[in-house]
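Take any residue in the sequence shown, note its place counting from 1, add 38, and you have its number in our numbering.
What follows is a set of notes on a single structure, which appears directly below.
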Amino acid sequence: MTHINARWDEQEVRAAFPALAIRDAGVPRIYLDAPGGTQVAGRALSRMREAMVDHCANEGGSFRTSRLTDEGLEAAHAAAAEFVGAAPDEVLYGLNTTSLLFHFSRMLSRDWRPGDDIVLTRMDHDANVAPWLIAAEERGVNVRWLDFDVDTFQYRYDRLAALVGPRTRLVACNHASNFLGTINDVRRIVAAGRAVGAVTVVDAVQSAPHFLLDVAAIGCDLLASSPYKYFGPHAGLLYVRRELADRLTPLKVRPSPNSMPHKHAPGTPSFEAQLGTLGALEHLAWLGDRFGAVAPGSGLRVRIAGGLAAATAHETALAVRFLEGLRGIPGARLYGLSDPAAVTGRVPTFSLRIGRVPPTALAEALAARNIFVWAGSFYAYEIAGALGVRDDGVLRIGFAHYNTLAEVDTVLTALRELARGD
Ligand SMILES: Cc1ncc(COP(=O)(O)O)c(C=O)c1O
39 MTHINARWDE QEVRAAFPAL AIRDAGVPRI YLDAPGGTQV AGRALSRMRE AMVDHCANEG
99 GSFRTSRLTD EGLEAAHAAA AEFVGAAPDE VLYGLNTTSL LFHFSRMLSR DWRPGDDIVL
159 TRMDHDANVA PWLIAAEERG VNVRWLDFDV DTFQYRYDRL AALVGPRTRL VACNHASNFL
219 GTINDVRRIV AAGRAVGAVT VVDAVQSAPH FLLDVAAIGC DLLASSPYKY FGPHAGLLYV
279 RRELADRLTP LKVRPSPNSM PHKHAPGTPS FEAQLGTLGA LEHLAWLGDR FGAVAPGSGL
339 RVRIAGGLAA ATAHETALAV RFLEGLRGIP GARLYGLSDP AAVTGRVPTF SLRIGRVPPT
399 ALAEALAARN IFVWAGSFYA YEIAGALGVR DDGVLRIGFA HYNTLAEVDT VLTALRELAR
459 GD
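Written as structure tokens, this is what we have:
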């Protein structure tokens, strides 16, 4: 199976990430922790430095550094809008996805009435579950669940029609699972919610690093992502459909502006995180210029699309190599789509166990080899429950476009040794 992008140059891509050059006592670091947070692109770091050195001032003043801050924030919103396919006044930055969804849950649930219902989906990170559960409890609203099949790792889409109804106020779902890696048909879930007039929310935290988001095609009202998962700083980014942003009564201090993004993003935001996100998106655009089939002079969204397509081709090669290698490891059990031929239905995030070895012991043994992976259940609370692994979880190995085929081989060799008990 060939998914190799002939133009891709692993070393040139890696040189764009300062952290990848770091060694510990001469031993290279192998970062396979991307689903928890990626390494930061050099372009993001330069933009953050710009925000904190070249023009560190609050926004809205008449002096030079404040004006430059305003320009930077405007550019960061314009780029974020291009990234998700929205207008600049439909995006806002926050601390992270979790706090943004909690904030919006307070505004959205104000007019929920006892006897209304909401639909949640079982593959989510708890960031897209707990805010709605808490609001539902406060308002006396029923919670309905879309379950997934524990053998196929896919939602039971045929049950959607029975879950939504005239009293459904909200449908929240996730795009790609941070545990199983499954890419979900969010258009279908969102369409079911929209058909009954529900507000629709998509958690795109794990899809954003891997493929181009398109809020118009998805049709949702809210879409959240976290730039620290796509080569930028710790922050959250939220798309809010304009009609919804206009309709909601803001939770804001009285003197702050009544316009977006201020009215729904209270307080002074992290300017450096916004500029850093701009830099992360510039990194993706650079990938497009360098390795994608992007015509010179193309706009930012087209360049980002080209960059993500080139990155995906490389990640697919990594995923296929990993899945093929995993087959030969005795006792390895993958929780997620395992067919190398179906790798396009998932992101390169692999949760597994090996025999009866506790996942934390595996993670520690890999850490001793300077291979960085996570063990646990990563706040995918419902998935861990459905799969019966809530207690000790799984080992999670995740790839980003800066990983190499050689790193995949190294982790496979290590897993093989651990499976043998070496
Ligand atoms: C799918 C998914 N949603 C939400 C979150 C929470 O994001 P944040 O840390 O920005 O709140 C994560 C973090 O791992 C995630 O993987």
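For each residue, glycine too, the CB sits at the ideal point set by N, CA and C.
CB-CB length for residue 183 against residue 158, believed under 8 Å: In this structure residue 183 is in contact with residue 158, their Cβ atoms being roughly 6 Å apart against a cut-off of 8 Å.
Rounded C-alpha distance that separates residue 171 from residue 59: For the pair residue 171 and residue 59, the Cα-to-Cα distance works out to about 43 Å.
Length of the line joining the Cα atoms of residue 130 and residue 401: 36 Å
Segment contact flag, the segment 287-307 with the segment 125-143, C-beta cutoff 8 Å, min 3 pairs: yes
Residues near residue 106 in its chain [Cβ-Cβ closer than 6 Å; skip 5 each side]: 93
Whole alpha helix (DSSP H) elements within the segment 96-158, 4-residue minimum: Taken in chain order, the unbroken stretches of alpha helix (DSSP H) that lie wholly in the segment 96-158 and span 4 residues or more are 102-122, 135-146.
Where the beta strand (DSSP E) through residue 207 begins and ends: 206-212
Reference residue 358, options 447, 210, 203, closest by Cα: 447
Within 8 Å, strictly: CB atoms of residue 68 and residue 410: yes
Cβ of residue 263 within 8 Å of any chain C Cβ: Annotation note: the requested chain C is absent from the structure, which comprises a single protein chain.
Enclosing alpha helix (DSSP H) for residue 284 [first to last residue]: 280-285
beta-carbon residue 397 near ligand 1 non-hydrogen atom, thresh 7 Å: no
Residue 41 (DSSP reduced to helix, strand or coil): The pLDDT assigned to residue 41 is 49, lower than 50, so where the model puts this residue is not dependable, and the model offers no usable value.
Delimiting residues of the beta strand (DSSP E) encompassing residue 354: Premise fails: residue 354 lies in the alpha helix (DSSP H), 338-364, not in any beta strand (DSSP E).
Own chain partners of residue 286 with C-beta closer than 6 Å, once the 5 adjacent residues on each side are dropped: 145
Inter-residue spacing [alpha-carbon to alpha-carbon] between residue 436 and residue 84: Cα to Cα, residue 436 sits roughly 26 Å from residue 84.
Range of the contiguous beta strand (DSSP E) that encloses residue 387: According to the DSSP assignment, residue 387 belongs to the beta strand (DSSP E) that extends over 387-392.
Rounded Cβ spacing between residue 439 and residue 352 (contact assumed at less than 8 Å): Between the beta-carbon of residue 439 and that of residue 352 there is about 5 Å, and that keeps the pair under the 8 Å contact cut.
Contact set for residue 299: own chain, Cβ-Cβ below 6 Å, skip 5 residues either direction: 130
Alpha-carbon spacing of residue 441 relative to residue 271, whole angstroms: Cα to Cα, the separation comes out at about 19 Å.
Chain-order list of residues whose beta-carbon lies under 6 Å from that of residue 348 (same chain, five-residue window excluded): 43, 325, 329, 330
Where residue 378 falls: helix, strand or coil (DSSP): helix
Contained beta strand (DSSP E) runs [length at least 3] in the segment 171-231, N- to C-terminal order: 180-184, 206-212
Contact the segment 362-378 vs the segment 447-457: 3+ CB pairs below 8 Å: yes
Residue 437 (DSSP reduced to helix, strand or coil): coil
Residue 447, DSSP secondary structure in three states: helix
Closest Cα partner of residue 420 within the set 51, 186, 377: The residue from 51, 186, 377 with its alpha-carbon nearest to that of residue 420 is 186.
Stretch-stretch touch, CB-based, cutoff 8 Å, three pairs: the segment 45-57 with the segment 277-291: no
Under the three-state DSSP convention, the category residue 410 falls into: strand
beta-carbon residue 4 near ligand 1 non-hydrogen atom, thresh 7 Å: Missing from the structure shown is residue 4; the chain here goes from 39 to 460 and no further.
Beta-carbon contacts of residue 254 that lie in its chain and below 6 Å, excluding the five residues immediately before and after: 123
Separation of residue 161 from residue 266, as counted between CA atoms: Roughly 21 Å between the two C-alpha positions.
Buried versus exposed call for residue 390 [16 or more other C-beta atoms within 10 Å across all chains shown]: buried
Selected residue, minimal CA-CA separation from residue 214, among 362, 344, 387: 387
Residue 71: CB within 7 Å of a non-hydrogen atom of ligand 1: no
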